[in-house]
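Counting with my numbering, you get residues 66 to 364 for the letters of the sequence shown.
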Amino acid sequence: MSEKLTKSIASLFRKTPHFKGKFRIAKSIQNILMGKKDWTEPEFFIRLKNKTSLYIDVRSKTHLVPFWIGKRDQEIISKMIKHATEGAVILDVGANIGYYALPIAYHLRGKKVSVHAFEPVTSNYESLMKGIHKNQVSDFVVANKIALGDKAGSIDIIKTEKGNSGNAVLSINNDDFKVDRERETIEMITFDSYADTNALNRCDFIKIDIEGAEIFFIQGSMKAIKQFQPLIFGEFNSYFISKFGFTILDVWNLLEPLGYSAYLEDHNRPATFRKVNLKEGMENVLFVPQGKEVSLWTA
66 MSEKLTKSIA SLFRKTPHFK GKFRIAKSIQ NILMGKKDWT EPEFFIRLKN
116 KTSLYIDVRS KTHLVPFWIG KRDQEIISKM IKHATEGAVI LDVGANIGYY
166 ALPIAYHLRG KKVSVHAFEP VTSNYESLMK GIHKNQVSDF VVANKIALGD
216 KAGSIDIIKT EKGNSGNAVL SINNDDFKVD RERETIEMIT FDSYADTNAL
266 NRCDFIKIDI EGAEIFFIQG SMKAIKQFQP LIFGEFNSYF ISKFGFTILD
316 VWNLLEPLGY SAYLEDHNRP ATFRKVNLKE GMENVLFVPQ GKEVSLWTA
């Protein structure tokens, strides 16, 4: 009864306008109704404000936000949709369960945009595929159960959340996550090799969120980045990047010589960016190649 009631209230919450403190209130409601009870049916579809359906595992802290709020990163997603041109090719690196790939593909069907989504974790990939079929975007999403890095091979990845889907990190130097965590051996290739194998002739935008391993992706994508000059947006979480012995400045040292400029997201105005001299610790950064229009992203 308490689980069914929680889901019903959350469904209503997702439909209401956002207000400050909404998620805090939502968590309080869930704590009152569910407490420490286990979910009997923790995996299910939810309808988001962007008109797409997402297959979530409510035990994951990451998925708890859209469960109650009905959106996640929607401001960035909306601008990516507005930015896309006819036939654009978009990369979703670290696609998870489809937060970006699904709404972008759904809303850009008329422009024949293709989204190449990369998600190596089996449970996340399975949820992503369910979302692709549910939203009827199979013709517009190329789902790849593989990681993109600096070389071809295999590597262990560690799940950092409860449930069957959620966030995960590469096991390199991540001692904090090596105890009592589920791990999986995943396959990895470079984007350069992927672009060659699939005969890509353009790449317009790259969204990357791979928990600190972004630099490895960039290192394995230098040829394609130089050729296609895509916009690149990533969280570049300073905590996770440091676990690999790098900072965002190491990413900058690779992109600046290719003619890129760095833009930092305004925390008070989501998806609005300003040009900066990049410094260590900066997160949520948009890298823009020389000559590309940025007015949509700075307004």
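Backbone N, C-alpha and C define an ideal beta-carbon position, used for all residues, glycine too.
Residue i - partner residues in DSSP beta bridges
i: leucine 351; result: Phe298, Tyr328
i: alanine 182; result: Asp157, Ala208
i: leucine 213; result: Ile254
i: phenylalanine 110; result: Tyr120
i: arginine 248; result: Ile223
Residue i, enclosing beta strand (DSSP E) - first and last residue
i: serine 118; result: 118-122
i: glycine 346; result: Careful: glycine 346 lies outside any beta strand (DSSP E) and carries neither H nor E.
i: glycine 218; result: 218-224
Helix, strand or coil at residue i according to DSSP, with G and I counted as helix
i: methionine 253; result: strand
i: alanine 75; result: helix
i: glutamate 68; result: helix
i: alanine 336; result: strand
i: glycine 231; result: Low confidence applies here, because glycine 231 scores a pLDDT of 49, under 50, leaving its location unreliable and the question unanswered by this model.
i: arginine 174; result: helix
i: glutamate 321; result: helix
i: lysine 357; result: coil
i: glycine 196; result: helix
i: histidine 148; result: helix
i: threonine 312; result: coil
i: isoleucine 142; result: helix
i: phenylalanine 81; result: The question names phenylalanine, but residue 81 in the sequence shown is threonine. It is coil, neither helix nor strand.
i: isoleucine 162; result: coil
i: glutamate 191; result: helix
i: asparagine 239; result: Confidence at asparagine 239 is low in this model, with a pLDDT of 49, below 50, so its placement is unreliable and no value can be given for it.
CA nearest to the CA of residue i, picked from the options
i: asparagine 266; options: Leu319, Ala153, Lys102; result: Ala153
i: tyrosine 325; options: Pro295, Lys147, Phe311, Ile306; result: Pro295
i: aspartate 274; options: Asp315, Glu348, Ala208; result: Glu348
i: asparagine 96; options: Asp157, Leu129, Pro322, Phe282; result: Leu129
i: glycine 285; options: Ala264, Gly218, Thr363; result: Gly218
i: arginine 89; options: Lys176, Trp133, Thr312; result: Trp133
i: isoleucine 313; options: Asp331, Leu343, Ile290; result: Leu343
i: threonine 187; options: Glu249, Ser303, Lys80; result: Glu249
i: histidine 198; options: Thr337, Leu119, Ile74; result: Leu119
i: lysine 210; options: Asp157, Ser125, Pro168, Glu321; result: Asp157
i: isoleucine 290; options: Ile155, Lys69, Glu330, Arg174; result: Ile155
Rounded straight-line distance, which links the Cα of residue j to that of residue i
i: glutamate 300; j: phenylalanine 352; result: 11 Å
i: glycine 100; j: glycine 86; result: 20 Å
i: aspartate 261; j: tyrosine 328; result: 29 Å
i: isoleucine 271; j: threonine 105; result: 37 Å
i: phenylalanine 256; j: aspartate 138; result: 24 Å
i: glutamate 108; j: valine 206; result: 22 Å
i: lysine 340; j: serine 360; result: 11 Å
i: serine 192; j: lysine 92; result: 24 Å
i: methionine 66; j: phenylalanine 309; result: 45 Å
i: asparagine 189; j: glycine 196; result: 11 Å
i: phenylalanine 282; j: aspartate 215; result: 6 Å
i: asparagine 200; j: asparagine 161; result: 16 Å
i: lysine 177; j: leucine 98; result: 44 Å
i: serine 143; j: alanine 208; result: 21 Å
i: proline 185; j: isoleucine 251; result: 6 Å
The alpha helix (DSSP H) enclosing residue i, as first and last residue numbers
i: glutamate 279; result: 279-284
i: lysine 92; result: 87-99
i: phenylalanine 270; result: Counting along the chain, phenylalanine 270 falls outside any alpha helix (DSSP H), though it belongs to the beta strand (DSSP E) covering 270-273.
i: valine 202; result: Element bounds for valine 202: n/a, residue is neither H nor E.
i: tryptophan 104; result: From DSSP, tryptophan 104 is part of no alpha helix (DSSP H); its letter is neither H nor E.
i: alanine 289; result: 287-293
i: serine 125; result: Run containing serine 125: none; DSSP gives neither H nor E here.
i: isoleucine 306; result: 303-308
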